[in-house]
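Have a look at the structure below, then the notes.
2 protein chains.
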Amino acid sequence: MDIVEETVERGVIERRFDLKVAEDVVPGIHWLPEGATGPHATVLLGHGGTQHKRTPNVLGLARRLVRHLGVGAVALDAPEHGDRISDPAAAEAAREGLQQRIAAGRGGDGPALGTEERMRAIAERTPKHVAEWRSLIDDLSTNEQWAGGPFGWWGVSMGTSHGLPLVAEEPRITAAVLGLNGLRPGSEHMADLAAKVSVPVLFLFQWDDELMTRESGLALFDAFGTAEKTMHINPGGHIGMPAFERDAVEAFYVRHLRVG
Amino acid sequence: MDIVEETVERGVIERRFDLKVAEDVVPGIHWLPEGATGPHATVLLGHGGTQHKRTPNVLGLARRLVRHLGVGAVALDAPEHGDRISDPAAAEAAREGLQQRIAAGRGGDGPALGTEERMRAIAERTPKHVAEWRSLIDDLSTNEQWAGGPFGWWGVSMGTSHGLPLVAEEPRITAAVLGLNGLRPGSEHMADLAAKVSVPVLFLFQWDDELMTRESGLALFDAFGTAEKTMHINPGGHIGMPAFERDAVEAFYVRHLRVG
Chain D
1 MDIVEETVER GVIERRFDLK VAEDVVPGIH WLPEGATGPH ATVLLGHGGT
51 QHKRTPNVLG LARRLVRHLG VGAVALDAPE HGDRISDPAA AEAAREGLQQ
101 RIAAGRGGDG PALGTEERMR AIAERTPKHV AEWRSLIDDL STNEQWAGGP
151 FGWWGVSMGT SHGLPLVAEE PRITAAVLGL NGLRPGSEHM ADLAAKVSVP
201 VLFLFQWDDE LMTRESGLAL FDAFGTAEKT MHINPGGHIG MPAFERDAVE
251 AFYVRHLRVG
Chain G
1001 MDIVEETVER GVIERRFDLK VAEDVVPGIH WLPEGATGPH ATVLLGHGGT
1051 QHKRTPNVLG LARRLVRHLG VGAVALDAPE HGDRISDPAA AEAAREGLQQ
1101 RIAAGRGGDG PALGTEERMR AIAERTPKHV AEWRSLIDDL STNEQWAGGP
1151 FGWWGVSMGT SHGLPLVAEE PRITAAVLGL NGLRPGSEHM ADLAAKVSVP
1201 VLFLFQWDDE LMTRESGLAL FDAFGTAEKT MHINPGGHIG MPAFERDAVE
1251 AFYVRHLRVG
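Line by line, the protein sequences give chains D and G. Residues in the first sequence are numbered consecutively from 1, following this note's numbering. Residues in the second sequence are numbered consecutively from 1001, following this note's numbering.
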């Protein structure tokens, strides 16, 4: 991990780094409590589709977790997101497509997070991005100041598409916040991954999500293999999750990560 | 309100009182923070079927709310519950019936909280008990030390059967925790009441509740007229709600009552 820049704001160190994984350079940010030493838990933050490692909700959650819980937080740009966009026109089209889908309202049983093409693109990039997260966990685990874990996952919407295989198969992750995603009829691979999840899960869902049906969200919750899982449902659309769910996220990590 | 007995334990005053309502004497308990003066919020605790005003989960929640939030808490024996049981054999039969239903596992679309006869009995007693709660709110509102409100409701299972009409129609209640109950096909009266609820609601549901279907729980959540409502779903049966939901209840009242 190469540290590119380090700033401090109100007790939170923000460390821009580049992580080399195979042929790629993956830009990321590591937030840490100022002055903390010794091993700390770290929450991995997977941003949503068309967003990036420092998108406002990721930045806000990272700072909050560092300040309130004294844990570290880390985010990566997903492939073709943030600083990794190689085709700006395609990225812009994806953003517009997502906005149009949300503006159009409920799309019934259509693809959860965009067109079939967009869903295929996310699915194709997922194994690569999961490998990048694993590589980051390797790196953090051997960092003397931040070794040890445990690691938590947070990622809703595309952050769940990327997080699900990681949470299902990476034993160093001990708790996961997922949500804004669903299990469509025919998504056997996703159902298989969900069944493998054995760590506590908080699953956040919006009852009027324009991008997926209620049934698909309930089906994904149902599919998680873990004995400890909680689903929180609020009215409103894909981007309307109430701010107080941040409190629930925090309480969840307090229960399941070594904090403070 | 006649105070029958007052004890103090670890900072919590527990005041046994009798409330006269029409021809009845309704036994209740008021928990208050020791040494507190001036108007405080109060949470009304509606116990479940076959339980009573000092059943362990009610007592535990009351003490916790007093200690953590500095609010008051109050519970009443429902008609034919606790000290108001006039027919011990019938009360014992209700308890056994409930236990048998839980032991038998999911009963499909049957009555939510017992036999049809038991459901009728609860429904028949509800208006009377709602009037008792209103009378208690009147009394608390004119108590110089505890005047002012706001009042919160907490009651799951039968505590929701009793609480729903109160929360729907009593403007002095500003937030409600409900749950472990559902809207069966044909329960138009309950649906009408749910539609009238305009205060924030936290709705707690068990995904494998032996006494009601998932669909009935989702239907009740859906029916609440309020814009601010959250449903928490956990795996497990009717009496298996995870202890951490107490944290969620507390956070909910912190948002919606004047606490501290």
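Even for Gly, the Cβ is constructed at its ideal location relative to N, Cα and C.
What is the DSSP secondary structure of residue i, counted as helix, strand or coil?
i         : result
G:Leu1076 : strand
G:Asp1109 : In this prediction, G:Asp1109 scores a pLDDT of 49, lower than 50, which makes its location untrustworthy; the coordinate-derived value is nonetheless stated afterwards. Looking at G:Asp1109 - three-state DSSP - the assignment turns out to be coil, as it is neither helix nor strand.
G:Val1130 : helix
G:Asn1234 : strand
D:Val25   : strand
G:Thr1007 : strand
G:Lys1262 : Here chain G covers residues 1001 to 1260 and nothing more, so residue 1262 of chain G does not appear.
G:Asp1208 : coil
D:Asp2    : strand
G:Val1101 : The sequence shown places Arg at residue 1101 of chain G, not Val. The answer is helix: DSSP assigns G:Arg1101 an H, G or I state.
G:Ala1195 : helix
D:His52   : coil
D:Arg255  : helix
G:Ser1086 : coil
G:Glu1117 : helix
G:Asn1057 : helix
D:Glu170  : coil
D:Ile239  : coil
G:Pro1165 : helix
G:Gly1182 : coil
G:Ala1093 : helix
G:Glu1038 : Note that residue 1038 of chain G is Gly in the sequence shown here, rather than Glu. Here G:Gly1038 sits in coil by DSSP.
G:Thr1160 : helix
D:His189  : helix
D:His68   : helix
Tell me, please, which residues DSSP counts as bridged to residue i.
i         : result
D:Gly225  : None, per the DSSP bridge assignment.
G:Asp1030 : Note on identity: in this sequence residue 1030 of chain G is His, with Asp being the wrong assignment. G:Arg1015 and G:Val1074, per the DSSP bridge assignment.
D:Val177  : D:Trp154 and D:Leu202
G:Val1043 : G:Ala1073 and G:Gly1152
D:Asp247  : None; D:Asp247 has no bridge partner.
Assign residue i to one of two classes, buried (16 or more other C-beta atoms within 10 Å of its C-beta) or exposed (fewer than that).
i         : result
D:Asp109  : Because the pLDDT at D:Asp109 is just 49, under 50, the model does not fix this residue reliably, and the value given afterwards should be weighed accordingly. So D:Asp109 ends up on the exposed side.
D:Glu14   : buried
D:Ile3    : exposed
D:Val25   : exposed
D:Ser86   : exposed
D:Asp208  : exposed
G:Pro1027 : buried
D:Val8    : exposed
D:Ala297  : Because residue 297 of chain D is not part of the residues shown, which for chain D are 1 to 260, the question remains open.
G:Lys1053 : buried
G:Thr1037 : exposed
G:Pro1088 : exposed
D:Ala243  : exposed
G:Gln1206 : buried
D:Ala22   : exposed
G:Ala1041 : buried
G:Pro1127 : exposed
G:Gly1035 : exposed
G:Arg1150 : It should be pointed out that residue 1150 of chain G corresponds to Pro in this sequence rather than to Arg. That one is buried.
G:Pro1171 : exposed
G:Ala1168 : buried
G:Gly1105 : exposed
D:Thr160  : buried
D:Thr142  : exposed
G:Arg1010 : exposed
G:Gln1100 : exposed
D:Ala223  : buried
G:Arg1120 : exposed
G:Ala1062 : buried
D:Ala194  : buried
| query | Taking three-plus beta-carbon pairs below 8 Å as touching, is the stretch 70 to 77 of chain D in contact with the stretch 183 to 190 of chain D? | reply | With a cut-off of 8 Å, the stretch 183 to 190 of chain D and the stretch 70 to 77 of chain D do not count as touching, because too few Cβ pairs lie within range.
| message | Does the stretch 1089 to 1108 of chain G come into contact with the stretch 1132 to 1143 of chain G, if we say contact requires no fewer than three beta-carbon pairs (one atom in each stretch) closer than 8 Å? | response | Judged by pairs of C-beta atoms under 8 Å, the stretch 1089 to 1108 of chain G does not touch the stretch 1132 to 1143 of chain G, as fewer than three such pairs exist.
| field | Any 3 or more C-beta pairs closer than 8 Å across the stretch 221 to 231 of chain D and the stretch 1223 to 1235 of chain G | value | In short, these stretches touch, since the Cβ pair count reaches three.
| query | On the three-pair Cβ rule with 8 Å, is the stretch 188 to 202 of chain D touching the stretch 55 to 73 of chain D? | reply | The way I'd put it, the stretch 188 to 202 of chain D doesn't touch the stretch 55 to 73 of chain D; fewer than three beta-carbon pairs between them come closer than 8 Å.
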